[in-house]
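Everything below concerns the one structure shown next.
There are 2 protein chains.
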Amino acid sequence: MSTISIIGAGGMATAIAGRTIKAGHTVEVIGRDQSKAQAFADKLGAGATTGTYGAAPKGDIVILAVPYGSAASVVADFGAALGGKVIIDITNPVAPDLSGLVPPSGSSGAQETARGLPAGAHVVKAFNTLFGPVLAKGGRLDAFIAGDDGEAKARVATFLGSLGLRPLDIGALHMAQTLESLGLLMIGLAKNGAGTFDIAMHVDIGLAR
Amino acid sequence: MSTISIIGAGGMATAIAGRTIKAGHTVEVIGRDQSKAQAFADKLGAGATTGTYGAAPKGDIVILAVPYGSAASVVADFGAALGGKVIIDITNPVAPDLSGLVPPSGSSGAQETARGLPAGAHVVKAFNTLFGPVLAKGGRLDAFIAGDDGEAKARVATFLGSLGLRPLDIGALHMAQTLESLGLLMIGLAKNGAGTFDIAMHVDIGLAR
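Quick mapping for you: the protein sequence lines, in order, are chains A and B. Going by UniProt numbering, the first sequence opens with residue 1, and the numbers climb by one from there. Going by UniProt numbering, the second sequence opens with residue 1, and the numbers climb by one from there.
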């Protein structure tokens, strides 16, 4: 069991923290607003602690659970304090009118966030295709990951597995572009063909044999 | 039962034609090389016919089952002959090194193809997230669709349903960008976490209730 640090206190942070605690890990929550972070930790219970915003997080895995629009400034606020950490980027950088993705062409939110990190820190894209309420409900869900550092990706895969999720590696960090598109696709499906956000994407393997 | 026209004779054309015939539809195959098209029709059997390349296809639904690199020239060769047709674009416009998608930023293969069509023709993106062997095997698979014309999309959904697929509408034609990203994601998954192209993406609806 490990200590997992979570920056943020929204719906996704809550869903991920809940599963993380249920799996027996210790959660450290970190926020710009210390009283809000404390309230979040108190609500989580199970020994959840708060860290100091901008200082080195306790966990080797740090989940960046803030909106994409805030990710760059949060990473800048931590600076060298994130050195050596595995950063999980969960963001869906979609335009407010859902017309597309906001990172520059040929890049992704995860790659943009990676630019701001200190040496030795590695970004792994994960969780962005899972909607909070579905994640919170439990059950074995498929969790796609993308990243450039094999060891960091292996550690995230182990963490996801410990939460009862099935990690599915889709390749290097530039493939975060496809995961962010998949996030937008699922929002489109929720608003059109499915009519609900209560959906999850699942991969069937071994159909044609 | 309808007549479905298919332009192309590759693996996806074969898989789609097979399911279409099995569903009781009549298939018309069309290709630049008439003898190749005839051989394809003969192999399909079940009353499959050949059409004339560049002339009006018999089917109201025309499946453009050629590589993305050929799609624009094929559409230009048909010109006004595609007027009033529902064109299903199945292409995965991925870079040869799988580093990304080749259509211009903010567009998709489907949107680029739509530019070349005559008035009254409507493009619906479909089939691009299904690998040929999995599609050929049969079984109820999820088939994502995107398109701007509601009636065209409804007709494609009915056609897909007749093949035993579950049509899932993800929105307007610009959402083809996300479907083409999903195609690339699945190729990435096949080459990384799954280790096989024998995979299909499935949506679970109603998990959190």
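Virtual Cβ for every residue (Gly too), placed ideally from N, Cα, C.
Drop a sphere of 10 angstroms on the beta-carbon of residue i, count the other beta-carbons inside from all chains shown, and report buried for 16 or more, exposed for fewer.
i, result
"B/Asp169", "buried"
"B/Asp42", "exposed"
"B/Glu151", "exposed"
"A/Ser105", "exposed"
"A/Ser35", "exposed"
"B/Gly206", "exposed"
"A/Pro67", "exposed"
"B/Lys22", "exposed"
Between which two residues does the beta strand (DSSP E) holding residue i run?
i, result
"B/Ile146", "A small fix is needed here, since residue 146 of chain B is Ala in this sequence, not Ile. That run of the beta strand (DSSP E) goes Asp142 to Gly147."
"A/Ala136", "Run containing A/Ala136: none in the beta strand (DSSP E); it sits in the alpha helix (DSSP H), Gly132 to Lys137."
Using a Cβ cut-off of 7 Å, pull out every chain A residue sitting near residue i, in sequence order please.
i, result
"B/Ala208", "Pro133, Val134, Lys137 and Asp198"
"B/Gly188", "Ile170, Gly171, Met175 and Thr178"
Which residues bound the alpha helix (DSSP H) around residue i?
i, result
"B/Lys125", "Note, B/Lys125: premise wrong, no alpha helix (DSSP H); beta strand (DSSP E) at His122 to Lys125."
"A/Met12", "Gly11 to Lys22"
"B/Met186", "Ala176 to Lys191"
"B/Ala76", "Tyr68 to Phe78"
"B/Leu44", "Gln34 to Leu44"
"B/Thr113", "Gly109 to Arg115"
"B/Leu168", "No alpha helix (DSSP H) contains B/Leu168, which is instead part of the beta strand (DSSP E) from Arg166 to Gly171."
"B/Thr196", "Note, B/Thr196: premise wrong, no alpha helix (DSSP H); not H, not E."
Determine, using beta carbons only, whether residue i comes closer than 8 Å to chain A.
i, result
"B/Ser99", "yes"
"B/His202", "yes"
"B/Leu160", "no"
"B/Lys58", "no"
"B/Leu117", "no"
"residue 217 of chain B", "Residue 217 of chain B cannot be examined here, being either before or after the span of chain B that is shown, 1 to 209."
"B/Leu82", "no"
Can you name, in chain order, every residue of its own chain whose Cβ lies under 8 Å from the Cβ of residue i, other than the five neighbours on each side?
i, result
"A/Thr49", "Thr26, Val27, Glu28, Val29, Ala41 and Lys58"
"A/Gly188", "Leu98"
Applying a beta-carbon distance threshold of less than 9 Å, which residues of chain A neighbour residue i?
i, result
"B/Lys22", "The contacting residues do not exist; B/Lys22 stays about 16 Å from chain A at best."
For residue i, which residues in chain B fall below 8 Å Cβ to Cβ?
i, result
"A/Ala205", "For clarity, residue 205 of chain A is Ile in the given sequence; the question names Ala instead. Near A/Ile205 (Cβ distances below 8 Å), the residues of chain B are Ala194, Thr196, Asp198 and Ile199."
"A/Gly106", "Gly100 and Ser105"
"A/Leu130", "Going along chain B, no residue has its Cβ under 8 Å from A/Leu130, so there is no contact; the nearest lies around 10 Å."
"A/Leu182", "Thr178, Ser181, Leu182 and Leu185"
Are the C-beta atoms of residue i and some chain B residue less than 8 Å apart?
i, result
"A/Lys43", "no"
"A/Ser5", "no"
Among residues of its own chain, excluding the 5 on either side of residue i, which ones have a beta-carbon nearer than 6 Å to its beta-carbon?
i, result
"residue 214 of chain B", "No statement about residue 214 of chain B is possible, as the shown extent of chain B runs from 1 to 209 and does not include it."
"A/Gly120", "Gly83 and Gly84"
"B/His122", "Val86, Asp149 and Ala152"
"B/Ala15", "Gly132, Leu135 and Ala136"
Starting from the beta carbon of residue i, find every residue of chain A whose beta carbon is closer than 8 Å, and list them in chain order.
i, result
"B/Lys125", "What B/Lys125 touches in chain A: nothing, since even the nearest Cβ is about 11 Å away."
Cutting at 7 Å between CB atoms, please list the residues of its own chain near residue i, excluding the five before and the five after it.
i, result
"B/Thr20", "Ile4, Val27 and Leu163"
"A/Gly171", "Ala146"
"B/Gly11", "Gly132"
May I ask you to check if the CB of residue i is nearer than 7 Å to at least one heavy atom of the ligand PLP?
i, result
"A/Val203", "Annotation note on the ligand PLP: not contained in the displayed structure, which lists no ligands."
Quick one: list the residues of chain B neighbouring residue i, beta-carbon separation under 9 Å, in chain order.
i, result
"A/Lys191", "Ile170 and Gly171"
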